[in-house]
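Below is one structure, written out as structure tokens; the observations come after it.
Residue numbers (my numbering), protein chains in the order written: chain A, 34 to 331; chain B, 737 to 1001.
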């Protein structure tokens, strides 16, 4: 962090520190300019839109009003939308946590020379297009897919089970898409827990499961909370997976916004629900940051 | 030793779940029977010859947008990350926040904002950014720039400033020190930030769905629309090729720069 001091200290014609800081500041300008243009102004414009009433397709009234927000919070339909999106997010987070814990523990403790291959298998699905991954679920979860073929062949069910184009499909898709984020967060945390603590616990007679519950889990708690907040906020903001795996039948906040904007051209309502989703996600991010800081200090 | 075996088996099953849809795309792309029926009745390579031309066009659009948005991100993001770490700037926390918050914002919201702002720009300047590759590059820059800035900030935290001091004390000019010491040391961070930025741009649906379309339809949006209307196994063939390309890309860059660089979420 002291690179600036080093540079000015040995500069043949030393500039004053303030002037040197000024030089660095210029380097920030292009990024600030572009981000203002492609991010800040569009977001301010979006926020402003949410305070106007919609008058016909793609047009808004000139005067400012809070009516869009009042309408949102006084309609039980919107509370349901907010509630369902959050319940789905919570379920996805719990399933993700349950699946990530064993794999993360394994990855953190294994001495296998295949470890980097396992890590690649975790990271790769995260980076392969989400549309392609969702496409890949069709031959597995579809009516004539792998799972139904196994279930029917085993005689477990008489008729194909509906695993896709419904809420279950959205959940499977989201759990799959967000699992890598949870695994990477947890693996990093578990790696920092000294294995000696577990060895001590086992040598004192605790069974491996008890050791995991009473030693590893409490020590990994800050990471678990951070991972859960991350997965939850990614889950409630997801658009593509609910749209594809829900087959148009599952409406969450993101798909609702898209409908309002693209199909109904109600930009004001789209902007309002966008702002509400944004506030919800930002609140979670701030909690996550606070938690990360307090975790780092202790 | 039994718990070890149970853990390994469990880990294996979860890894299987993770790779399942990718493997499924590859296997189904060779299926000769009706689409999405398991087990496939026969195998064929025919679909690989029947990929519709509009999908190849969409692929080139995606590559152009990804490369454009990544190049923009590197050009403005690397200097910005240097300034943020070394500049001791006033309002540095606010500036940091502005540069990194787009990463926390749902891409769908960025897409809606970009669409509505493009309308404002059109009304004011008669400049249409809709259905254009240039417009998509600008919109994607909102999140590719923060990816590069974040990676280069992290890279500088691991940076040993004594090397720079040594170069300077041995008589190198600050500019020469910067280009022979600082930049090579930061190259892996810049590369990993750029790769991540490219992959996220290449993967984006919501922003490209709102802004793109017409001759500026990206591959994910083309496939997305394909799943709603005419789903042909040829799309699976193209998906398998693209996934294979991305996998090779990740494996190679992981070997060069270390896989851990991509995983600091």
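Every residue gets a Cβ at the ideal spot worked out from N, C-alpha and C, and that includes glycine. Model, not experiment: these values are computed from the prediction.
Proximal chain A residues relative to residue i, where beta-carbon distance stays under 7 Å
i	result
residue 924 of chain B	Going along chain A, no residue has its Cβ under 7 Å from residue 924 of chain B, so there is no contact; the nearest lies around 17 Å.
residue 881 of chain B	64, 67 and 68
residue 739 of chain B	241
residue 772 of chain B	171, 172, 175, 177 and 178
residue 761 of chain B	165, 168 and 169
residue 764 of chain B	172
Strand pairing of residue i, partner residues [DSSP]
i	result
residue 87 of chain A	A/93
residue 767 of chain B	B/779
residue 952 of chain B	B/949
The ligand MG heavy atom lying under 7 Å from the CB of residue i
i	result
residue 943 of chain B	In terms of ligand content, the structure shown is empty, and the ligand MG therefore cannot be addressed.
Listed by chain order, chain A residues near residue i by CB distance under 9 Å
i	result
residue 888 of chain B	Per Cβ cutoff of 9 Å: no residues; residue 888 of chain B is ~11 Å from chain A at best.
residue 797 of chain B	Here the premise fails: no neighbours, minimum Cβ distance about 14 Å.
residue 775 of chain B	179 and 182
Per-residue contacts from residue i into chain B (C-beta, under 7 Å)
i	result
residue 135 of chain A	743, 746, 747 and 750
residue 303 of chain A	848
residue 268 of chain A	Near residue 268 of chain A there are no residues of chain B at all, since even the closest Cβ is about 11 Å away, more than 7 Å.
residue 307 of chain A	845 and 848
Where residue i meets chain B, residues with beta-carbon distance less than 9 Å
i	result
residue 291 of chain A	844, 847, 848, 942, 945 and 946
residue 294 of chain A	847, 848, 851, 852 and 946
residue 138 of chain A	743 and 747
residue 339 of chain A	No information on residue 339 of chain A is available, as it lies outside the stretch 34 to 331 that chain A covers here.
residue 334 of chain A	Because chain A in this structure spans residues 34 to 331, residue 334 of chain A falls outside the shown range and cannot be described.
residue 300 of chain A	848, 851, 852 and 855
residue 250 of chain A	Neighbours of residue 250 of chain A on chain B: none; closest Cβ ~15 Å, over 9 Å.
residue 5 of chain A	Given a span of 34 to 331 for chain A in the structure shown, any question on residue 5 of chain A remains unanswerable.
residue 311 of chain A	841, 842 and 845
8 Å Cβ cut-off: residues of chain B touching residue i
i	result
residue 163 of chain A	939, 941 and 956
residue 158 of chain A	754, 755, 757 and 758
residue 109 of chain A	By Cβ distance, chain B contributes nothing, its closest Cβ being about 24 Å from residue 109 of chain A, past 8 Å.
residue 155 of chain A	751 and 754
residue 254 of chain A	Ordered by position in chain B, no residue passes the 8 Å Cβ test against residue 254 of chain A, which lies about 18 Å from the chain.
residue 318 of chain A	840
residue 132 of chain A	750 and 753
Interface partners of residue i on chain A, CB under 8 Å
i	result
residue 885 of chain B	64
residue 952 of chain B	Near residue 952 of chain B there are no residues of chain A at all, since even the closest Cβ is about 16 Å away, more than 8 Å.
residue 935 of chain B	160
residue 825 of chain B	54, 57, 58 and 61
At a Cβ cut of 7 Å, what residues of the stretch 957 to 969 of chain B count as close to chain A, listed as they run along the chain?
So the list reads 959, 960 and 963, given in the order they occur along the chain.
Could you run through the stretch 177 to 207 of chain A and flag, in chain order, every residue whose CB is less than 7 Å away from some CB of chain B?
Closer than 7 Å at the C-beta level to chain B, one finds these residues of the stretch 177 to 207 of chain A: 177, 178, 179 and 182.
Relative to chain A, which residues along the stretch 971 to 993 of chain B have a C-beta separation below 8 Å, given in chain order?
971, 972, 975, 978, 979, 982, 983, 986, 987 and 990
Between the stretch 70 to 95 of chain A and chain B, which residues of the former have CB atoms less than 8 Å from a CB of the latter, in chain order?
70, 71, 72, 73, 74, 75, 76, 78, 79, 82 and 91
Mind listing which residues of the stretch 829 to 850 of chain B have their C-beta closer than 9 Å to chain A's C-betas, in chain order?
831, 834, 835, 837, 838, 840, 841, 842, 843, 844, 845, 846, 847, 848, 849 and 850
Sequence ranges, alpha helix (DSSP H) only - wholly within the stretch 272 to 327 of chain A, length at least 4
273 to 278 and 286 to 291
Give the residues from the stretch 209 to 234 of chain A that approach chain B closer than 9 Å (Cβ to any Cβ), ordered along the chain.
Under the 9 Å Cβ criterion, the stretch 209 to 234 of chain A contributes 209, 212, 213, 214, 216, 217, 218, 220 and 221.
Tell me whether the stretch 804 to 818 of chain B and the stretch 885 to 902 of chain B touch, counting them as touching only if at least three CB pairs, one residue from each stretch, are closer than 8 Å.
yes
Listed in chain order, which residues of the stretch 801 to 823 of chain B have Cβ atoms closer than 8 Å to some Cβ of chain A?
808, 811, 812, 813, 815, 816, 818, 819, 820, 821, 822 and 823
When you check each C-beta in the stretch 852 to 883 of chain B against every C-beta of chain A, which residues fall closer than 9 Å?
Listed by position along the chain: 852, 853, 854, 855, 856, 874, 875, 876, 877, 878, 879, 881 and 882.
Report yes or no: do three or more beta-carbon pairs, one from the stretch 209 to 218 of chain A and one from the stretch 753 to 765 of chain B, lie closer than 8 Å?
yes
I'd like the ranges of any alpha helix (DSSP H) spanning at least 4 consecutive residues and lying wholly in the stretch 865 to 917 of chain B.
869 to 893, 897 to 905 and 910 to 913
Proximal residues, the stretch 112 to 123 of chain A versus chain B, C-beta separation under 7 Å:
none
Count Cβ pairs between the stretch 744 to 751 of chain B and the stretch 950 to 959 of chain B that sit closer than 8 Å; are there 3 or more?
no
Closer than 8 Å is the cut-off here; do at least three beta carbon pairs connect the stretch 100 to 109 of chain A with the stretch 77 to 87 of chain A?
yes
Quick one: complete beta strand (DSSP E) runs, 3+ long, within the stretch 823 to 869 of chain B?
none
If contact is defined by three or more beta carbon pairs under 8 Å, each pair taking one atom from either stretch, is the stretch 756 to 773 of chain B in contact with the stretch 937 to 947 of chain B?
no
I'd like to know if the stretch 966 to 973 of chain B and the stretch 765 to 781 of chain B are in contact, where contact means that at least 3 CB-CB pairs between them fall below 8 Å.
Taking 8 Å as the limit for Cβ pairs, the verdict is that the stretch 765 to 781 of chain B does touch the stretch 966 to 973 of chain B.
Are at least three pairs of beta-carbons, each pair with one atom in the stretch 216 to 232 of chain A and one in the stretch 267 to 281 of chain A, less than 8 Å apart?
no
List, from N- to C-terminal side, the alpha helix (DSSP H) runs of 4 residues or more that fit wholly inside the stretch 954 to 987 of chain B.
Listed in chain order, they are 955 to 964.
What are the uninterrupted segments assigned as alpha helix (DSSP H) that are 4 or more residues long and contained completely in the stretch 197 to 281 of chain A, given in chain order?
200 to 224, 228 to 236, 241 to 244, 250 to 270 and 273 to 278
Note down, in chain order, all residues in the stretch 272 to 288 of chain A with a beta-carbon under 7 Å from any beta-carbon belonging to chain B.
272, 273, 277 and 287
How about the stretch 130 to 148 of chain A and the stretch 187 to 201 of chain A: do they share at least three Cβ pairs that are nearer than 8 Å?
no
Taking contact to mean 3 or more Cβ pairs, one atom from each stretch, closer than 8 Å, check whether the stretch 61 to 74 of chain A and the stretch 868 to 877 of chain B are in contact.
yes
Between the stretch 197 to 205 of chain A and the stretch 170 to 186 of chain A, can you find at least three pairs of beta-carbon atoms closer than 8 Å?
For the pair of segments examined, the stretch 170 to 186 of chain A was found to touch the stretch 197 to 205 of chain A: the number of CB pairs separated by less than 8 Å reaches three.
Runs of 4 residues minimum, wholly inside the stretch 150 to 181 of chain A: which ones carry the alpha helix (DSSP H) assignment?
Those alpha helix (DSSP H) runs which fall completely within the stretch 150 to 181 of chain A and span 4+ residues are 163 to 174.
Pair every Cβ in the stretch 799 to 809 of chain B with every Cβ in the stretch 924 to 935 of chain B, then say whether three or more of these pairs are closer than 8 Å.
yes
The stretch 909 to 922 of chain B / the stretch 849 to 864 of chain B touching (three or more Cβ pairs under 8 Å):
no
The stretch 837 to 844 of chain B contacting the stretch 260 to 275 of chain A, beta-carbon criterion three pairs below 8 Å
yes
Counting pairs of beta carbons, one from the stretch 104 to 122 of chain A and one from the stretch 299 to 310 of chain A, are three or more of them closer than 8 Å?
Cβ pair count under 8 Å is three or more, so yes.
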